[in-house]
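**Q**
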Amino acid sequence: MSKRPSNTSGHRSVAHASLERGGIPLPLILFLPLLLLFLASCAPKHIDTSLEGVRLEQVLDELQRVSSIEAVLSLEYEKKDSTMSGDALLQLAQDTLTMRIYYLGFLAGEITEEEGIIRSKPKLDRNKSILLVEGLRNSFFWWNMKEYRLQEGEDVYILSNSYRKVFISKKTLLPVRQTIELESGDTIEIAYDEPAWNAEAAGGSAAPLLQRYQSKLTIGLRNHLVRARVTSYTAQEKNDPKAPR
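In our numbering, the protein residues as written are -15 to 229.
Pasting the structure below:
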C-alpha cells in the first residue's frame, strides 16, 4: 500500500506531479485497494465440506430447475505448439449459447449457438467450434442427460447413455470427469477440479445445490485443448424472473 501524502502543500504537489508523470492519476491509486477488496469478496468460495449422505437423485432433481447459467472464465486454448489466452463471458441455456472472448479488455471474438447452428466472429474451424460449444455446454449442464443409466463405483457414480459418460464424486456430488462421443468417432474429454460455490447467490432465493460447481475445467478434442478457470458463476432457476426467456 502506498504511503499517504502528508498535509503540507509542498508534499502534495510533489506526490501529485510524480504520479502524473507516471501516467496514473492519484484518485485511481487511492481507489485500487477498494477495488481489490471488492473483487476478493466476489471470488468463488471453495467447498471444504462434503455432501456425503445426500442422495444423488436429490441433487439431479434440484439441478433440473436450472434454466440458464452465466459464468466468467479465464481461458487458455492450446493447439499443437501454439497457445492463446483471454477472458470470456459465457451465457448458457439448454438450447442456446453465447460467449464473448476478450483480450486485454477488448472484444476479440464471439461465438453463438442456437438450434444447432454455430456462428462465430472471427470464423473458427470445425474442431474448435465443437470443442467450445459442445465441450462448454456439457461441462456446465453435465446433469442434462436423457435415458441415462446409473452405475456405482468405489468413489464415483457413473451416469451414461449411448454417447456420454459422467463420473460424479460421491463426496462432493460434482463431476470429476466426462466423455462425449461425437458422430465423427472423435471423443471430447472433460476433466474437472476445485469445487466451489456462489455463496452470495446461494444465500438468496436460489437453492444452495444449484450454485455449486467445479471451478477448473480441461476440455480436449483431438489435438485441441481448452483450460478454463471459472471466476464467477450464477445459475438461474426456471421460475426466476431474472432468468432469460
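Think of the CB as a built atom: it goes at the ideal place given N, C-alpha and C, for glycine as much as any other residue.
With distances taken from CA atoms, which of Thr67, Gln78, Ala212 is nearest Lys130?
**A** Sequence index remark: in the sequence shown, residue 130 carries index 146 (1-based). Comparing Cα-Cα distances from Lys130 to each of Thr67, Gln78, Ala212, the minimum goes to Gln78.
**Q** Measure the alpha-carbon distance for Ser144 versus Leu91 and round it to whole angstroms.
**A** Here residue 144 corresponds to residue number 160 of the sequence shown, with the count starting at 1. Here residue 91 corresponds to residue number 107 of the sequence shown, with the count starting at 1. Approximately 38 Å between the Cα atoms of the pair.
**Q** When you compare only the Cα positions, how much space is there between Val140 and Ile164?
**A** Translated into the one-based positions of the sequence shown, residue 140 becomes position 156. Translated into the one-based positions of the sequence shown, residue 164 becomes position 180. So the two alpha carbons sit approximately 18 Å from each other.
**Q** Hey, quick one: how far does the alpha helix (DSSP H) through Ser123 stretch, first residue to last?
**A** The sequence position of residue 123 within the sequence shown is 139, counting from 1. Where Ser123 is concerned, the enclosing alpha helix (DSSP H) stretches over 110 to 124.
**Q** Round the Cβ separation of Ala219 and Val56 to the nearest angstrom and send it over; I've been treating them as touching at under 8 Å.
**A** Taking the first residue of the sequence shown as position 1, residue 219 is located at position 235. Taking the first residue of the sequence shown as position 1, residue 56 is located at position 72. About 14 Å separates the two Cβ atoms, so there is no contact after all.
**Q** Which residues in the same chain have their Cβ closer than 6 Å to the Cβ of Thr297, if we skip the five residues on either side of it in sequence?
**A** Within the shown structure, residues of the chain are numbered from -15 to 229, placing residue 297 beyond reach of any answer.
**Q** Do you know offhand how far Ile114's Cα is from Tyr61's?
**A** Within the sequence shown, numbered from 1, the residue matching residue 114 stands at position 130. Within the sequence shown, numbered from 1, the residue matching residue 61 stands at position 77. Near 13 Å, if we compare the C-alpha coordinates of Tyr61 and Ile114.
**Q** Alpha carbons only, please: which of Trp181, Val214, Gly204, Ile152 is nearest the one belonging to Leu44?
**A** Indexing the sequence shown from 1 puts residue 44 at position 60. Of the listed residues, the one whose Cα sits closest to Leu44 is Ile152.
**Q** Whole angstroms are fine: how far does the CA of Arg121 sit from the CA of Asp177?
**A** Residue mapping note: residue 177 aligns to position 193 of the sequence shown, counting from 1. Residue mapping note: residue 121 aligns to position 137 of the sequence shown, counting from 1. Each residue's alpha carbon lies about 17 Å from the other.
**Q** Which same chain residues, not among the five before or five after Asp71, have their C-beta less than 6 Å away from its C-beta?
**A** Here the question's residue 71 lines up with position 87 in the sequence shown. If we look at Asp71 and ignore the five residues flanking it on each side, its Cβ neighbours are Ser58, Tyr86.
**Q** Leaving aside the five residues before and after Leu194 along the sequence, list all residues of the same chain whose C-beta is less than 7 Å from its C-beta, in chain order.
**A** Here the question's residue 194 lines up with position 210 in the sequence shown. Excluding sequence neighbours, Leu194 sits near Glu46, Leu47, Arg49, Val50, Ala219, Glu221.
**Q** Here's the rule I'm using: 16 or more other beta-carbon atoms within 10 Å means buried, otherwise exposed. How should Leu116 be labelled?
**A** For the purposes of this step, residue 116 is taken as the residue at position 132 of the sequence shown. Classification for Leu116: buried.
**Q** Verify whether the separation of the beta carbon atoms of Trp181 and Val150 is less than 8 Å.
**A** Reading the sequence shown from its first residue, position 197 is the one you call residue 181. Reading the sequence shown from its first residue, position 166 is the one you call residue 150. Not a contact, by the Cβ cut-off of 8 Å.
**Q** By DSSP, does Val56 sit in helix, in strand, or in coil?
**A** Working through the sequence shown from its first residue, we reach residue 56 at position 72. Strand, per DSSP.
**Q** Check whether the Cβ of Asn182 lies closer than 7 Å to any heavy atom of the ligand MN, and answer yes or no.
**A** This structure simply doesn't include the ligand MN, nor any ligand for that matter.
**Q** Could you work out which residue in Leu134, Val214, Lys154 is closest to Ser146 when comparing CA atoms only?
**A** As a position in the sequence shown, residue 146 is number 162, starting the count at 1. Nearest C-alpha to Ser146: Leu134.
**Q** At the level of alpha carbons, what is the spacing between Gln42 and Phe124?
**A** Locating residue 42 in the sequence shown gives position 58, counting from the first residue. Locating residue 124 in the sequence shown gives position 140, counting from the first residue. The straight-line gap from Cα to Cα measures roughly 18 Å.
**Q** Given a cut-off of 8 Å, decide if Ile53 and Leu76 are closer than it, judged by their beta-carbon atoms.
**A** Residue mapping note: residue 76 aligns to position 92 of the sequence shown, counting from 1. Residue mapping note: residue 53 aligns to position 69 of the sequence shown, counting from 1. The answer is yes: Cβ separation under 8 Å.
**Q** What is the rounded straight-line gap between the Cα of Val196 and the Cα of Arg39?
**A** One-based indexing of the sequence shown puts residue 196 at position 212. One-based indexing of the sequence shown puts residue 39 at position 55. Residue identity check: residue 196 is Arg in the sequence provided, not Val. Straight-line Cα distance between these residues: approximately 15 Å.
**Q** Any idea what DSSP makes of Gln42, helix, strand or coil?
**A** Residue mapping note: residue 42 aligns to position 58 of the sequence shown, counting from 1. It is helical.
**Q** So is Ala24 buried or exposed if we call it buried at 16+ other beta carbons inside 10 Å?
**A** Counted from its first residue, the sequence shown places residue 24 at position 40. Legend: pLDDT at Ala24 = 45, less than 50; position of this residue unreliable, value from coordinates given subsequently. Classification of Ala24: exposed, given that the 10 Å Cβ count is below 16.
**Q** Can you find the residues in the same chain that come closer than 6 Å, C-beta to C-beta, to Thr202, ignoring five residues on each side of it along the sequence?
**A** On the sequence shown, residue 202 is found 218 positions in, with the first residue counted as 1. The residues are Ala175, Arg211.
**Q** Quick one: grab the DSSP three-state call for Leu47.
**A** Position 63 of the sequence shown, counted from the start, is the residue given in the question as residue 47. Helix, per DSSP.
**Q** Ordered along the chain, which non-local residues of its own chain (more than five positions away) have a Cβ less than 6 Å from that of Tyr217?
**A** In the sequence shown, the residue the question calls residue 217 occupies position 233. Answer for Tyr217: Ala55, Asn182, Tyr197, listed in chain order.
**Q** Hey, could you find the ends of the beta strand (DSSP E) Leu86 is sitting in?
**A** Counting from one through the sequence shown, the residue named residue 86 turns up at place 102. First, the residue type needs correcting, since residue 86 is Tyr and not Leu in the sequence shown. That run of the beta strand (DSSP E) goes 80 to 87.
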